[in-house]
Each structure stands twice: as structure tokens, then as C-alpha cells.
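Here my numbering = 1-based position in the sequence shown + 33.
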Amino acid sequence: MNRLKQIHKRAVFLSLFLFGSIASFAQDGEEQHLSEKPIVVVVASYNNAEYYEKNLDSIFSQNYTNYRVVYLDDSSPDGTGPLVEDYLQKNGETNRTTLFQNKKRVGAGANYYKGVWACKPYEIVACLDGDDWFAHENVLKKLNSVYSNPNVWVTYGQFAYHPCGTIGWAAQVPDDVIAKNGFRDRAWVTTALRTFYAGLYHKIKKNDLLYNGDFFPMAQDLAYMWPILEMAGTHSRFIPEILYIYNIETPINDVKIDRKFQQKLGLHIRTRKRYQPVKSPY
Numbered sequence: 034m035n036r037l038k039q040i041h042k043r044a045v046f047l048s049l050f051l052f053g054s055i056a057s058f059a060q061d062g063e064e065q066h067l068s069e070k071p072i073v074v075v076v077a078s079y080n081n082a083e084y085y086e087k088n089l090d091s092i093f094s095q096n097y098t099n100y101r102v103v104y105l106d107d108s109s110p111d112g113t114g115p116l117v118e119d120y121l122q123k124n125g126e127t128n129r130t131t132l133f134q135n136k137k138r139v140g141a142g143a144n145y146y147k148g149v150w151a152c153k154p155y156e157i158v159a160c161l162d163g164d165d166w167f168a169h170e171n172v173l174k175k176l177n178s179v180y181s182n183p184n185v186w187v188t189y190g191q192f193a194y195h196p197c198g199t200i201g202w203a204a205q206v207p208d209d210v211i212a213k214n215g216f217r218d219r220a221w222v223t224t225a226l227r228t229f230y231a232g233l234y235h236k237i238k239k240n241d242l243l244y245n246g247d248f249f250p251m252a253q254d255l256a257y258m259w260p261i262l263e264m265a266g267t268h269s270r271f272i273p274e275i276l277y278i279y280n281i282e283t284p285i286n287d288v289k290i291d292r293k294f295q296q297k298l299g300l301h302i303r304t305r306k307r308y309q310p311v312k313s314p315y
């Protein structure tokens, strides 16, 4: 009897193992055969001579073909712009990349505005700061898998800090918050990696991205993500997998420069008029 029980347990284990392996193989195969949606990696960069190569390596090593890059150097005094230009030429990535080298510094908010408006409405935008990088070579493939669902217009996800490796604080927005359009009433959890159809960003009124007549000098991600999430309504998705490495080693992080001013701007953005859900992302 005991031997029969052991045989039964082994049979159950083997069947579960085989089922899991087949399911995993099927999922991997499904991702491999999905039609690739157009993705644009928009990089806003300033003084990243130390990090530009790691940033770009993480982009161009992606196991994906239907993507391009819009890189905006914000008049970096450390020579980031020319370094990036040289990198693109040496690595044969000039055709895939649009490089803007600003003559004067305008800030991340203005750069993302210019970068996203260089995208077609139906293209998926992935926002990547110039001192950060993708977590692995299948990030764009993962995004494509999620966006293969036509009900997905926006994603936000989990990140890890560099150099400590600590996992970030991103989290799923509760359904009741989405239903009440209450994104601005809750703690900010919709962080990197942030992606969306460019058409949603194009629907944002430019004045809502400005503070005292200029683009937000800090907290610019809140200024565009809350309107996008509000317009998307139930069409946003949280990706719990770590797709983004957030570099806190750099000395020019907004939190290090002026945390109180950053928080002040965040509170101000919360008071702005909310957007209503739209019927289409573009």
C-alpha cells in the first residue's frame, strides 16, 4: 500500500511538472510569435558622461527589432551629447536613433515633451532617464506581450535601486481608486518603467505641464502620468516584474538637489483639474 502511495505521489508530481513546463514553454512560444508593436524609447539626459554607455547598452541589447530611440541631451557641460553621438556612429545605431543636442538647458519636462511629440500617436513610449537603464534584455519583449492586449494603453512597473539593489515601492492602483478617478488622492505608486501610447500624452493640455510659465523643473513625471492614467481609466496595467534600474548613485537626483521643492510641486500637481476617461488612446 505504501509503495502504491509513493508511485501515485510521483505520478502526480511528474504530471504537475510536465504541465508547468508545457505551460511555460507555450507562454514563451506565444511571446516569440507575437507581432511586434512599435516602441520608442525616449531618453532625457543631462550630465551623464559616466552613465550614457550603460544606458544605451541596455537599450540596444534588447531582444526586439521594432523599436527606435529618441535621445535628448540637455546641453550637458560634461560632453554627454558628443559622447552619445560618437557611440551611435561606432555601434551603427544612427538610423535607429534621433539625437537632439540642446543649445541651452531646458529641463527634463521640456525634453520629454519634445521627445514624445516626436512620436506617432500609435507608438508606445518607454520613458528612460539618461542615468538609468533597463533591467535586462527582454524588457521591450515583455512590454509587447502586455500591449498585445488591446485593452492596455498604459503600464507602470517595479524597479530596483542602483547600487544597493533594493526593490522599489511601485504597486498596483486599487480598482476602487481607478473607478473613482482618485489617482491624485493616493500615494504615488505609478513609477518606472512608465510606458504609454504617445497619443494619450498628446491629449494633455500643455499648460498642465507648466509651472509659472515653464515646464515643471521637478516632479514632471507626476505632471504627465496622472493625466494619462486618468484618461486611460481601466486601461492601465501594473507590471510587477523589475524592468528598470533606478540610479541613486548620481549626485544630480532631484531628491538630493531639493526634496522639499520636489514635494511642493507634487502637492501642487495634485490640486490641478482632473482629466476624464477617453474612448481611444489616439
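Note that CB positions come from ideal geometry on N, CA and C, so glycine has one too.
F362 - DSSP class collapsed to helix/strand/coil: With the chain covering 34 to 315 only, the question about residue 362 has no answer from this structure.
Member of Y189, A203, F229, K147 whose CA lies at the smallest distance from the CA of G156: In the sequence on display, residue 156 carries Glu and not Gly. Comparing Cα positions, the closest option is F229.
Option in R129, Q122, Q205, Y97 with minimal Cα separation from N171: Y97
Cα-Cα separation, R217 to V74: 26 Å
Residues of its chain near C160, where Cβ-Cβ distance is below 6 Å and the 5 sequence neighbours each way are ignored: V75, R227
Selection from L116, D209, P154, P260 that minimises the alpha carbon distance to N81: L116
Within the region 149–231, ranges of the alpha helix (DSSP H) (whole runs, at least 4 residues): Listed in chain order, the complete alpha helix (DSSP H) runs (minimum 4 residues) inside the region 149–231 are 172–180, 208–212.
Counted within 10 angstroms of its Cβ, other Cβ atoms place G112 as buried (16 or more) or exposed: Burial call: exposed.
Span separating the alpha-carbon of D247 from that of N240: 9 Å
Cα-Cα separation, Q296 to E126: 38 Å
Minimum C-alpha distance to E83 - residue among N280, A256, I72, F192: The closest CA to that of E83, considering only N280, A256, I72, F192, is found on N280.
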